[in-house]
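S.K.:
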Amino acid sequence: MGLRQLPGPVVQAPMAGGATTPELVTAVGKAGGLGMLAAGYLPTATLAEQIAAVRDVGVPFGVNLFVPAPDTADPDAVESYRQRLEPTAARLGTELGEPTWTDDEYEAKLDLLAAVGVPMVTFTFGLPTEQDVIALRRAGTEVGVTVTTPAEAVAADRAGADFVVAQGIEAGGHRGGWLGGEQFGLLALVRLIRSTVDIKVMAAGGIADAAGVRAVLAAGALAACAGTAFLRCPEAGTPEPYRDALVAPEFAETRLTRAYTGRWARGLVNRFIADQEPYAPDGYPQLHRLTRPLRAAATAAGDTDVMAMWAGQSHALATDEPAAKVLHALTP
Numbered sequence: 031m032g033l034r035q036l037p038g039p040v041v042q043a044p045m046a047g048g049a050t051t052p053e054l055v056t057a058v059g060k061a062g063g064l065g066m067l068a069a070g071y072l073p074t075a076t077l078a079e080q081i082a083a084v085r086d087v088g089v090p091f092g093v094n095l096f097v098p099a100p101d102t103a104d105p106d107a108v109e110s111y112r113q114r115l116e117p118t119a120a121r122l123g124t125e126l127g128e129p130t131w132t133d134d135e136y137e138a139k140l141d142l143l144a145a146v147g148v149p150m151v152t153f154t155f156g157l158p159t160e161q162d163v164i165a166l167r168r169a170g171t172e173v174g175v176t177v178t179t180p181a182e183a184v185a186a187d188r189a190g191a192d193f194v195v196a197q198g199i200e201a202g203g204h205r206g207g208w209l210g211g212e213q214f215g216l217l218a219l220v221r222l223i224r225s226t227v228d229i230k231v232m233a234a235g236g237i238a239d240a241a242g243v244r245a246v247l248a249a250g251a252l253a254a255c256a257g258t259a260f261l262r263c264p265e266a267g268t269p270e271p272y273r274d275a276l277v278a279p280e281f282a283e284t285r286l287t288r289a290y291t292g293r294w295a296r297g298l299v300n301r302f303i304a305d306q307e308p309y310a311p312d313g314y315p316q317l318h319r320l321t322r323p324l325r326a327a328a329t330a331a332g333d334t335d336v337m338a339m340w341a342g343q344s345h346a347l348a349t350d351e352p353a354a355k356v357l358h359a360l361t362p
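Our numbering applies: residue 31 is where the sequence shown begins, and numbers increase by one.
Set out below in structure tokens:
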């Protein structure tokens, strides 16, 4: 299934860490959209189970993969940050994790996807190899790459991608690019990509209603990808305090931060971000692994001062309706 053959113009974005569930993906698919499973941080066996669960329902879907980041973290900076976080971990009754590098079982997940064949696979944080693209295409998969700049779109095209996911600066969660450079608002990014390279575009970032979908389609995108809009749906795996915070006045602001993972990501501003962001070094996935027990303990305690609550700039528009109703509200 190609981007031009989508059942509708709205795609449910992959959100790693538990928010995206097979139930959410299948609900979106049943309602006429396309849902994306998030392979990031999942064991390969769990990803296989989720793919099987969605496939059994018979709806179109895709899978997103995190391309392994190069190991560029400064060990001294990471250790200094670890020491800074120890009092917070102690208050929550947990220990910090080991800040080690990992490829997140990337090759095993690629092998799985090439073996089972899914309609769509997208890559975030980098490019697939030519061999990876060929293997996925042989399995009947259309391949996309998340980009944040026109230069990344050109690189994705040269790597053989069928389409790009243009991620505007408004988007919640991690920035998906890898080359750096000026970061653009979504509409500007879509237009710049369309004028720079001949490749199909899916647009993502701050899309929360049908007006936003119409805007990106008018700018030249073939589909609109929404994530935060689905976070409060009953089918999502979002913890209850996080759901409430998305529409709470005290969490009105979002910010790009490296405080949780060592990689820029947009989330609701809480005390942890305000206190720790100035000290957080570059270092993904080491900081992600360092703070993982801290985030888990905060979530278990319902402590929104410390929880990581990723959200796009339009988060206040998210509703707690079922995914089908959210999809219909997004569809022009």
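Every residue, glycine too, gets a C-beta built ideally from N, C-alpha and C. Only a predicted model underlies this, so the values are computations on that prediction, with no experimental measurement involved.
1) For the region 173-215, list the alpha helix (DSSP H) runs that are entirely contained and at least 4 residues long, ordered along the chain.
2) Going by C-alpha distance, which of ALA354, GLY313, ALA289 is nearest ASP106?
3) Tell me the residue span of the beta strand (DSSP E) that contains PHE302.
4) Provide the residue span of the alpha helix (DSSP H) that contains LEU121, from first to last.
5) Does the region 225-243 come within contact of the region 183-201, defined as at least 3 CB pairs closer than 8 Å?
6) Tell me the residue span of the beta strand (DSSP E) that contains THR56.
7) Note down, in chain order, each residue of its chain lying with its Cβ closer than 7 Å to the Cβ of VAL220, except the 5 sequence neighbours on either side.
8) Just the C-alpha distance for ALA341 and GLY206, rounded to the nearest angstrom, thanks.
9) Check for me: the beta strand (DSSP E) holding VAL277 runs from which residue to which?
10) What did DSSP end up calling PHE260 once you bin it into helix, strand or coil?
11) Would you tell me roughly how many angstroms separate the C-alpha atoms of PHE302 and ASP335, rounded to the nearest one?
12) Excluding the five sequence neighbours on either side, which residues of its own chain have a C-beta within less than 7 Å of the C-beta of VAL89, listed in chain order?
13) Just how far apart, CA to CA, sit ARG244 and TYR71?
14) For THR102, count the other beta carbons within 10 Å of its own beta carbon; 16 or more makes it buried, fewer makes it exposed. Which is it?
15) So THR152 packs on GLY92, CB below 8 Å; how close in whole Å?
16) State the start and end residues of the unbroken alpha helix (DSSP H) segment that holds THR321.
17) Would you decide whether GLY210 is buried or exposed? Buried here means 16 or more other CB atoms lie within 10 Å of its CB.
18) The beta strand (DSSP E) with LEU95 in it runs from where to where?
19) Classify LEU157 as helix, strand or coil using the three-state DSSP reduction.
20) Given this structure, state the Cα-to-Cα distance separating VAL97 from ASP162, to the nearest angstrom.
21) Using only CA atoms, which one of GLN213, GLY257, THR179, ALA254 lies nearest to VAL227?
22) Which partner residues does ARG296 have in the DSSP bridge list?
23) Beta-carbon within less than 8 Å of LEU115's beta-carbon, same chain only, minus the 5 sequence neighbours each way: which residues are those?
24) Looking only at its own chain, which residues have a Cβ that is under 6 Å from the Cβ of VAL299, when we skip the five neighbours before and after it?
M.R.: In terms of the structure at hand:
1) 180-188
2) GLY313
3) No beta strand (DSSP E) contains PHE302, which is instead part of the alpha helix (DSSP H) from 301-306.
4) Note that residue 121 is Arg in the sequence shown, not Leu. ARG121 -> alpha helix (DSSP H) spans 105-121.
5) yes
6) Taken as a continuous stretch (DSSP letters only), THR56 belongs to no beta strand (DSSP E), being part of the alpha helix (DSSP H) at 52-60.
7) ALA196, VAL231, ALA233, VAL246, ALA249, GLY250, ALA251
8) 14 Å
9) First-last for VAL277: undefined, no H or E at that position.
10) helix
11) 6 Å
12) THR56, GLY59, LYS60
13) 33 Å
14) exposed
15) 6 Å
16) 316-331
17) exposed
18) 91-96
19) coil
20) 12 Å
21) THR179
22) GLY203, LEU286
23) LEU126, GLN306, LEU320, THR321, LEU324
24) GLU283, ARG285
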